[in-house]
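This report concerns only the one structure given below.
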Amino acid sequence: MSAALEVSDLSGSYGQGNVLYNMNFTVEQGGITALLGANGAGKTTTLRAIYNLLPQRTGDVRLFGSSTERKPAEAVARMGVGHVPDGRGTFDSLTVEENLILGAYGRRDKSAVRDDMKRMFGYFPRLQERFTQQAGTLSGGEQQMLAIARALIGRPKLLILDEPSFGLAPVVVQEIFSIIRLINTQEGVAVLLVEQNAGMAFALADQAFVMETGRIVVSGKSADVAANEEVRRAYLGI
Amino acid sequence: MDAFIFQIMTGFATGSIYASVALALVIIFRSTHELNLAQGEMAMFSTFVAWQLIEFNVPYWGAFAITLVFSFFAGMLIERILVRPAQNGNPLTAVAIFVGLMLIINGMAGWIFGFTMRDFPSPFENLFTGLPVALSGHEIGMLAVVFTMLLLIFLFFRFTPLGLALRAVAVNPESCRLVGISVNRMLAIGWGLAAMIGSVAGMMAAPILFLDPHMMAFIMTYGLAAAVLGGLDSPLGAIIAGLLLGVMENLAGAYVVGPELKLPLALLVIFSVLVFRPRGLMGHVVIKRV
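Residue numbers (the numbering used here), protein chains in the order written: chain U, 17 to 254; chain G, 27 to 316.
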């Protein structure tokens, strides 16, 4: 079985000078992988490279065995990836319902989409209460939930979350992380969790990769990486 | 009193044309933040296409329908060939392209169809004669056509998945791509729609103004003014502002300054509004969280 995401020798730049260097990492199907690093380490840039949103990149990115070479971002998204962007990326002036419908944009089975919407309300009951509200009026935590539900409603096999804890109170982060675990086991969705908040990410992930200035510097089983004193001191500040 | 009501109603009729052009401008502006200065010329060219079809003895509504389809694809094509390459460049490049496009279409229309004024038929000429209103048959029919179009466009944007995707692109293009929506395709469709709306305005205005390559010049001025007055990112604002402008212009021409100065007066009113309300009547202030 090919990996959900396989990144090999990925380098990339915004035009002049590399910002990513020879990155190698994988997300196994059904697994949870954490990509960690301090602010500015290149985590979001890595995701942009995966989506071919970086002006230049070399190396190989495979989703479920197929190359993403030369595909525009929207085509990569249709290869079975659900993305929760940093800053959540909800459509603020549209309603919660409309946001969810957009998440299912590529799907033709509209009645199944309605069922999936109900399933999402199982994970996030608050979205049901806010169903007809504009997304911009939601709290940060609710917007994060909406972004996750919007990504899941496209029935991805890989869910990429870009700093889901950003700007949220610890208790809300805890709630969201436990839902991510639940989704991973119940839906069988692989998860790539990009985080600065390493403590909670280690607890959730089975594999972890630590980035610094565009490189992966430590990688391995999440528990081993978490136990690495060097990692704790130098890269994560914990 | 009757004369006053008549002035308001004719103003409403011409205003509906301004409203259509303003709406076309707003649809493009919302998704690209660019003002399509060639909108009027595109509409004029479409109207010539309709005229040519009618000359070829195509029945009016057949010519109307073909023109809508032609305009839609021509709009998409212009976006794809001329506008998209300049998308990520200097904003002034886009302005230069629009001005160039305006002159090119104008020249092409003159070259193909000539610069002489031409009669453009109205399918409503001898209809609605028994009604107790002072409007001509064409003006009543024009109002019906324009308002039907506006209603259809509203329903399209509000209730169809494609309409929703078009609105979403205006809100957050990158998120659209990440859920699998092709932003480029949406921008092209937006241009097609705008061109189609403009062509309706052109075909409805032509029986009143006569058709020549300069027909849309002043309608475009009013459409632009209405779009700005309405707030540039508000379709409803554009429509209301267009109608208001038509009425205001007519009243000013009839009662205040006479026909020569009605255009400057209307524009003066707009400037005054914008001094006190720079975002227009219904525009949104962009607030960014730090």
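Ideal Cβ positions, reconstructed from N, Cα and C, are used throughout, including at glycine.
Predicted model, so just to flag it, every value in this text is computed and none were measured.
Just measuring C-alpha positions, the residue of G:274, G:301, G:117, G:188 sitting nearest residue 123 (chain U) is G:188. Under a 10 Å Cβ-count criterion, residue 184 (chain G) is classified as exposed, with fewer than 16 other Cβ atoms of the shown protein chains found around its own Cβ. The beta carbon of residue 90 (chain U) falls within 9 Å of a beta carbon belonging to chain G, placing the residue at that interface. Of the residues G:169, G:218, G:30, G:212, the one whose Cα lies closest to the Cα of residue 103 (chain G) is G:218. One alpha carbon belongs to residue 57 (chain G), the other to residue 216 (chain G), and they sit about 8 Å apart. Annotated as proximal: residue 106 (chain U) and residue 162 (chain U), with beta-carbon spacing under 9 Å. The closest CA to that of residue 192 (chain U), considering only U:232, U:141, U:87, is found on U:141.
Excluding five sequence positions before and after residue 263 (chain G), the CB atoms of its chain that fall closer than 7 Å to its own CB belong to 256, 257, 306, 307, 308, 309, given in chain order. By a beta-carbon distance limit of 8 Å, residue 167 (chain G) contacts residue 153 (chain G). Their separation comes to about 6 Å.
Around the beta-carbon of residue 67 (chain U), 16 or more other beta-carbon atoms lie within 10 Å, marking it buried. The residue among G:303, G:301, G:299, G:29 with its C-alpha nearest the C-alpha of residue 161 (chain G) is G:29. Residue pairing from DSSP places residue 231 (chain U) in a beta bridge opposite U:228. Contact between the segment 70-82 of chain U and the segment 22-39 of chain U is present: three or more C-beta pairs spanning the two stretches fall below 8 Å. In this structure, DSSP gives residue 206 (chain U) an extended state, which the three-state scheme calls strand. Contact of residue 109 (chain G) with chain U is not assigned, every C-beta pair being separated by 9 Å or more. Cβ neighbours of residue 124 (chain G) within its own chain (closer than 8 Å, five residues either side excluded): 60, 61, 62, 63, 64.
For residue 197 (chain G), the chain U residues whose C-beta falls within less than 7 Å of its own C-beta are 107, 108, 109, 110, listed in chain order. Residue range 209-235 is occupied by the alpha helix (DSSP H) that includes residue 212 (chain G). Exposure of residue 85 (chain U) is indicated by the presence of fewer than 16 other C-beta atoms within 10 angstroms of its C-beta. Shown here, residue 213 (chain U) sits in coil according to DSSP, grouped into three states, outside any helix or strand. Among the CB atoms of chain G, none fall inside 9 Å of the CB of residue 31 (chain U).
Look at residue 192 (chain U): its C-beta is not under 9 Å from any C-beta on chain G. Residues of the segment 93-106 of chain U whose Cβ lies closer than 8 Å to any Cβ of chain G, in chain order: 93, 94, 99, 101, 105, 106. In the displayed model, residue 155 (chain U) falls within coil according to three-state DSSP, outside both helix and strand. Along the segment 118-130 of chain U, the positions whose C-beta sits under 9 Å from a C-beta of chain G are 118, 119, 120, 121, 122, 126, read in chain order.
Burial state of residue 110 (chain U) is buried, judged by a 10 Å Cβ sphere holding 16 or more other Cβ atoms. The beta carbon of residue 200 (chain G) sits closer than 9 Å to some beta carbon of chain U. Taking a beta-carbon distance threshold of 9 Å, residue 69 (chain U) counts as an interface residue toward chain G.
Residues of chain G with a Cβ closer than 9 Å to the Cβ of residue 170 (chain U) are, in chain order, 205, 206. Contact check for residue 32 (chain G) against residue 143 (chain G) fails: the beta carbons are separated by 9 Å or more. A direct Cα-to-Cα measurement between residue 228 (chain G) and residue 70 (chain G) gives close to 6 Å. Going by DSSP, residue 200 (chain G) is part of the alpha helix (DSSP H) stretching over 199-204.
With fewer than 16 neighbouring CB atoms inside 10 Å of its own CB, residue 125 (chain U) falls in the exposed class.
Setting aside the 5 residues that flank it on each side, residue 163 (chain G) is surrounded in the same chain by 148, 150, 151, 152, 153, 154, 155, each with a C-beta closer than 8 Å to its C-beta; the list follows chain order.
Per the DSSP secondary-structure output, residue 28 (chain U) pairs in a beta bridge with U:36, U:73. Close partners of residue 187 (chain G) in chain U (Cβ separation under 8 Å): 117, 121.
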